[in-house]
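Trainee:
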Ligand SMILES: Cc1cc2nc3c(=O)[nH]c(=O)nc-3n(C[C@H](O)[C@H](O)[C@H](O)COP(=O)(O)OP(=O)(O)OC[C@H]3O[C@@H](n4cnc5c(N)ncnc54)[C@H](O)[C@@H]3O)c2cc1C
Ligand SMILES: Cc1cc2nc3c(=O)[nH]c(=O)nc-3n(C[C@H](O)[C@H](O)[C@H](O)COP(=O)(O)OP(=O)(O)OC[C@H]3O[C@@H](n4cnc5c(N)ncnc54)[C@H](O)[C@@H]3O)c2cc1C
Ligand SMILES: Cc1cc2nc3c(=O)[nH]c(=O)nc-3n(C[C@H](O)[C@H](O)[C@H](O)COP(=O)(O)O)c2cc1C
Ligand SMILES: Cc1cc2nc3c(=O)[nH]c(=O)nc-3n(C[C@H](O)[C@H](O)[C@H](O)COP(=O)(O)O)c2cc1C
Ligand code: FES
Ligand code: FES
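Structure (structure tokens):
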């Protein structure tokens, strides 16, 4: 049996397959379909300082080989996460990683420090790349100074593994990655969604209530792979790759491009049991290619 | 019969449907399939100061709802265009617009001034966004100062309609559009391809000889639409939209988002007779919606 | 206990009702899970270039004896068009059963109203109520005769009234214009409806006037169907709620702006 | 005069040779355009989620009397898999005829060599040469007996030799190891080959040694197939050339690195 274990700083993942924030709820939604403890990790929904209702319906549009969403960080807030959700999930044998979002640096810091005290949570993912909120969100992730500012501030408040999630809506993603690495990130994850738009020609109106939204799914995979490759070449910290992963071959592409682990997002909507298939598929690939350790795939290209 | 005529500065197009550079050869390749003079215009291949061989094979990878290319501006150079190709196409009753490319500002200027003297060519498209060449190309299109520099220089040398083609691989496309508008562009066209990558997992190698290439096709349509919308809101000059247009509905989406005309690229590979269908489809749409003039669609959103 | 499953179901029959409508009769290889009236499935559309996501479809009828269920579908776009070409013997992947269900109280006097293909979930509801001894009345509306689907099936469970816009069948007009609403004998305690939103909103207004309950089944755009993506929300008195888990059936008063 | 067309052709037959190979027999509604041996089609793969572009396939045979042509296809990925499921009576969209053709000289002594499905274009070539009174010899190579396709068809036009890697049919080994090359009677003036690149390169070396001509048919990745995208280039003595217009057939000496 080949080794599937990988490491993101102090976080030891039983395998490199994790689920992407906003695409897997709190994991509970998928328990009917498979044993979620088989996952390398679960990135839970974007969590903010206080409750958010998100954007108005319609929030979704199907696009060629992908979808746009404009959920806009609907969540019950970090306190509700800690009191209601954390107790339910904390004993599940996988890593839960909270996707931390906010409109101000203070909000990011508040959320991160509250999460720092939770025993069973060993990492957060700083979402400086959400395209679906008016303030903050992507704004932090599209300029180096603000990405540095928010990362540094959170770094001071959070003492476990800090992953920073990058926005693909930038000219130079490697520069952004280097900036947050310098500011103390233990790892980077990418890509968040590409800013896109869809129009209903019959009604002559945008489909989303917010006009623009975030594109995900296989359509973005070539862009995501390119960015992961560029970032992995630039930084020393581990890279977590995502964007359009539908099967084991896709996941392996990201690892070859330099990702230490991957996240699966939109694919969960189409096949809620896709993740265990991806894990098995990676194992089969390693056996077929006589590779003993999944780490040998990382950054081959 | 609704009016289909639109104007890009001094260029009067019989309809808003044109073909994208690098996707329609010099038009001749398609003459077996339909009468190309029905088109609003034809953007010919990227043309440089001297002959270029382009990149090594493989130059193409199929991706979900799209393709990557890394042709790298293979062309015979502007002089060969003028002596060999121009005489063959000049009397065809549509606009031929040369896509002007280069590695240095001087090269752009040289090509543009040579084209300025051709009677039957009334516009050029400045390609400051090609992701597939080592020098120049996209570099000009991803920073405002260099975009301004090249546009200003060419503006001095070229006295007919100057269209500048923008790269989507930037943080703020509206800013780029404003920059080239200020520098004298008569119109902007977008998007060129998104920088992407594909990997052959069995061989554990990139598919393209250049590792990265340009993504086109329906996969990019949501991003392209969003950028056209952002740019059209920002600038006063006409916008020519493209990216993933496969049918009349797609073309209309771009016009609703603010494009005065559109270009069809990758779709020509799948259906070499797609353009007349798009023209007819737009006409049908106008009739069905009782709209007398295609100009009424522009920028409704 | 697992409640939701992802499973390939055998197509026992694809009953073509017309160019526009068809009924898929699907069989599970294992005993069906418990399915409640109003629940839906997320169906995969194979081999359809422009259908990326699954498509939500109401469960039209259920037969635990044969482990089969039915879906009644209207051809709208490429996904449903492709599904309409499904042949007996093929398999379709379903995620099911999803969503909440219509409320059923023993002493209910139920008026079931469906517009076009919106009647889909009401057959299983009618059967369910019948099994519990509840009398149902069904009102079906459509643009024309050809949009009134399977009325005889509904007649098994109660009286069926029909309206068509072009008067080709039943009373002329919209469901809301049916004489039943002005009859002195109107004594229904709850309306259960599914169909175009304007129709359901109009019925909700009638219910409000008459002071009776009214449950509506929404057809919000969905991506996951299982509460993971938060795309399918509707604004309620308690904020945004996922229609795939807290709906698709809502008491209209719970919805904002109804 | 239009030479290339885009057209829906009727599937007269889909002859399944094995799990891996099949032959599509397609009929044009109008008289076929002139088709030369070595030319290919770009075929649309409908209803296949992961097949975005058309797929290039050689023209295997042509019958002007019935306005039909044949394609011999190997199942490789999703596109060819989907094509293998095509049923008689369906229509397939083709852009054709594309590319150049094999050269044919009256006094040629032709040795046609195909590896696996690479023999596809050689049947029409053999027939064409036969019609012109040129004697052809055909050498077919494959991994195993099941990869030697339609040998009898080729026998109509000349002698057929076979090699298989596992010795299940004909001589054991690769085509290049066939005894024909060492026979004292070897008097061919030109090799025409199609198959895996290493095979064609090895044949080119043999041709060079023997001082004879050798035409190879390349299978470069294509997007448009009509010379518009410049994706399918091969490096030649004159720089990069499009395989879809200046090929797929090249005299090997024209190719760089061969
Ligand atoms: C809970 C629920 C139950 C439903 N039950 C039935 C039923 O029993 N029978 C039936 O015929 N239809 C039902 N629908 C509607 C059905 O899902 C859509 O008609 C179908 O998804 C259209 O797909 P398409 O590819 O044919 O059309 P498309 O071309 O994709 O779209 C046509 C229209 O359908 C709607 N639509 C598209 N995708 C979705 C989606 N993922 N979710 C919701 N709406 C969408 C859009 O408004 C669009 O304008 C139900 C919808 C929901 C949410
Ligand atoms: C001029 C020409 C003639 C050909 N003639 C035949 C023939 O007669 N019979 C036959 O079985 N095959 C022929 N091929 C090869 C055939 O085109 C590929 O096997 C087919 O495209 C694979 O498609 P797929 O979707 O099944 O596989 P995919 O999963 O797409 O790919 C499998 C492999 O096929 C190759 N391939 C994919 N797309 C293309 C493309 N657009 N162009 C070229 N290669 C591609 C790639 O190397 C890939 O690794 C020919 C190719 C060319 C260029
Ligand atoms: C419906 C939806 C909601 C999302 N919500 C979040 C979020 O809250 N925080 C975040 O960082 N990313 C969010 N994302 C982005 C995903 O985590 C992921 O970065 C993106 O979808 C690309 O991966 P995919 O193509 O596999 O889906 C969301 C994506 C989708 C589709
Ligand atoms: C094979 C290929 C070659 C291209 N060559 C050029 C080029 O020479 N100059 C240029 O400005 N754009 C070039 N493009 C980009 C297209 O003109 C267009 O901007 C892009 O493909 C998006 O449109 P589409 O999705 O309709 O193809 C090329 C695109 C493709 C696919
Ligand atoms: S459709 Fe995903 S939460 Fe309802
Ligand atoms: S495949 Fe487009 S030029 Fe050959």
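Chains as they are written, first to last, in the working numbering: chain A, 14 to 314; chain B, 14 to 314; chain C, 52 to 309; chain D, 52 to 309.
Glycine included, every Cβ here is placed at the ideal spot set by N, Cα and C.
In this text, all values refer to a predicted model and were calculated from it rather than measured experimentally.
In terms of residue numbering, what span does the beta strand (DSSP E) encompassing residue 25/A cover?
Mentor: Start and end: 24–26.
Trainee: Can you pull the DSSP bridge partners for residue 244/D?
Mentor: Answer is 164/D, 267/D.
Trainee: How would you label residue 291/D, buried or exposed, when you count the other beta carbons within 10 angstroms and need 16 or more for buried?
Mentor: Flag for residue 291/D reads buried.
Trainee: Is the closest heavy atom of ligand 7 to the C-beta of residue 294/D under 7 Å?
Mentor: Judged by which ligands are present, ligand 7 is missing from the structure shown, whose ligands are ligand 1, ligand 2, ligand 3, ligand 4, ligand 5 and ligand 6.
Trainee: For the segment 142–202 of chain D, list the alpha helix (DSSP H) runs that are entirely contained and at least 4 residues long, ordered along the chain.
Mentor: Entirely contained in the segment 142–202 of chain D, the alpha helix (DSSP H) runs reaching 4 residues are, in chain order, 171–182.
Trainee: What residues from the segment 81–109 of chain D come within 9 Å of chain C, judged by C-beta to C-beta, listed N to C?
Mentor: Within the segment 81–109 of chain D, the residues whose Cβ lies closer than 9 Å to some Cβ of chain C are 97, 98, 99, 100, 102, 103, listed in chain order.
Trainee: Under 8 Å between beta-carbons, which chain C residues line up against residue 78/A? List them in chain order, please.
Mentor: By Cβ distance, chain C contributes 103.
Trainee: Does residue 363/C come out as helix, strand or coil in the three-state DSSP assignment?
Mentor: Past the boundaries of the shown model lies residue 363/C; chain C is included only from 52 to 309, so the question cannot be answered.
Trainee: Determine the direct distance from the alpha carbon of residue 271/C to that of residue 310/B, and round the result to whole angstroms.
Mentor: Those two C-alpha atoms are separated by around 28 Å.
Trainee: Quick one: which unbroken beta strand (DSSP E) runs of 3-plus residues sit fully inside the segment 89–121 of chain A? Chain order, please.
Mentor: The segment 89–121 of chain A contains these whole beta strand (DSSP E) runs: 108–113.
Trainee: Looking at the unbroken alpha helix (DSSP H) that takes in residue 246/A, where does it start and where does it end?
Mentor: Residue 246/A -> alpha helix (DSSP H) spans 234–247.
Trainee: List the endpoints of the continuous alpha helix (DSSP H) containing residue 188/B.
Mentor: Looking at the DSSP string, the run of the alpha helix (DSSP H) that includes residue 188/B is 186–195.
Trainee: Exposed or buried, residue 52/D, counting other C-beta atoms within 10 Å across all chains shown (16 or more means buried)?
Mentor: At residue 52/D, the pLDDT of 47 sits below 50, so the modelled position is not reliable; the number obtained from the coordinates is stated separately. The residue is exposed, with fewer than 16 neighbouring Cβ atoms inside 10 Å.
Trainee: Quick one: list the residues of chain B neighbouring residue 278/D, beta-carbon separation under 7 Å, in chain order.
Mentor: Chain B residues near residue 278/D: 38, 42.
Trainee: Please list, in chain order, the chain D residues whose beta carbon lies closer than 8 Å to that of residue 283/B.
Mentor: The contacting residues are 95, 103, 104, 105.
Trainee: In its own chain, which residues sit with a C-beta less than 7 Å from the C-beta of residue 107/D, not counting the 5 before and 5 after it?
Mentor: 91, 93, 273, 276.
Trainee: Please check the pair residue 202/D and residue 185/D, which I expect to be a contact at CB under 8 Å, by giving their CB distance rounded to whole angstroms.
Mentor: Not a contact, Cβ separation roughly 20 Å.
Trainee: Using a cut-off of 9 Å between C-beta atoms, extract the partners of residue 129/A located in chain G.
Mentor: Here the protein chains are A, B, C and D, and chain G is not one of them.
Trainee: From 242/C, 136/C, 95/C, pick the residue whose C-alpha is nearest to that of residue 165/C; which is it?
Mentor: The candidate whose alpha carbon is nearest that of residue 165/C is 242/C.
Trainee: On the DSSP bridge assignment, give the partners of residue 271/A in chain order.
Mentor: Its beta-bridge partners do not exist; DSSP assigns none.
Trainee: DSSP has residue 31/A in a bridge; who is on the other side?
Mentor: 54/A, 276/A, per the DSSP bridge assignment.
Trainee: Tell whether a beta-carbon distance below 8 Å holds between residue 274/B and residue 29/B.
Mentor: Against a cut-off of 8 Å, the Cβ pair of residue 29/B and residue 274/B comes out as a contact.
Trainee: With a Cβ-Cβ cutoff of 8 Å, do residue 139/A and residue 164/A count as a contact?
Mentor: Cβ atoms of residue 139/A and residue 164/A: closer than 8 Å.
Trainee: Counting only the same chain and skipping the five closest in sequence on each side, list residues whose C-beta sits under 6 Å from that of residue 188/D.
Mentor: If we look at residue 188/D and ignore the five residues flanking it on each side, its Cβ neighbours are 162, 209, 210.
Trainee: Is any heavy atom in ligand 2 found nearer than 7 Å to the beta carbon of residue 275/D?
Mentor: Because no heavy atom of ligand 2 lies under 7 Å away, the Cβ of residue 275/D does not count as near it: no.
Trainee: Which chain C residues sit within Cβ distance under 7 Å of residue 75/A?
Mentor: Neighbours of residue 75/A on chain C, chain order: 103, 104.
Trainee: Within its chain, find whatever has a CB closer than 7 Å to the CB of residue 65/C; leave out the 5 residues flanking it on each side and keep chain order.
Mentor: Excluding positions up to five away in sequence, the list reads 73, 75, 137, 138, 139.
Trainee: Quick check: is any heavy atom of ligand 2 less than 7 Å from the C-beta of residue 109/D?
Mentor: Flag set: Cβ of residue 109/D near ligand 2.
Trainee: Between residue 52/C and chain D, is there a C-beta pair that is closer than 8 Å?
Mentor: The predicted model places residue 52/C with a pLDDT of 47, which falls under 50 and marks its position as unreliable; any figure quoted below should be read in that light. Chain D, which has no Cβ nearer than 8 Å to the Cβ of residue 52/C, makes this no.
Trainee: Out of curiosity, what's the CA-to-CA distance linking residue 39/A and residue 279/C?
Mentor: Whole-angstrom Cα-Cα distance: 8 Å.
Trainee: For residue 67/D, tell me which candidate among 79/D, 113/D, 135/D has the shortest Cα-Cα distance.
Mentor: It is 135/D whose Cα lies nearest to the Cα of residue 67/D.
Trainee: Residues of chain D with a CB under 8 Å from the CB of residue 45/B: which are they?
Mentor: The answer, in chain order, is 53, 54, 55, 56.
Trainee: Would residue 231/A count as contacting chain B if we go by Cβ distances under 8 Å?
Mentor: By this cut-off, residue 231/A is an interface position.
Trainee: Contact criterion: CB-CB distance below 8 Å. Does residue 84/A meet it with respect to chain C?
Mentor: Yes, because at least one Cβ of chain C sits closer than 8 Å to the Cβ of residue 84/A.
Trainee: Can you look up residue 304/C in the DSSP assignment and give me helix, strand or coil?
Mentor: Three-state DSSP puts residue 304/C in a helix.
Trainee: What does the Cβ neighbour count give for residue 80/C, buried or exposed, with the cut at 16 atoms within 10 Å?
Mentor: Residue 80/C is exposed by the Cβ-count criterion.
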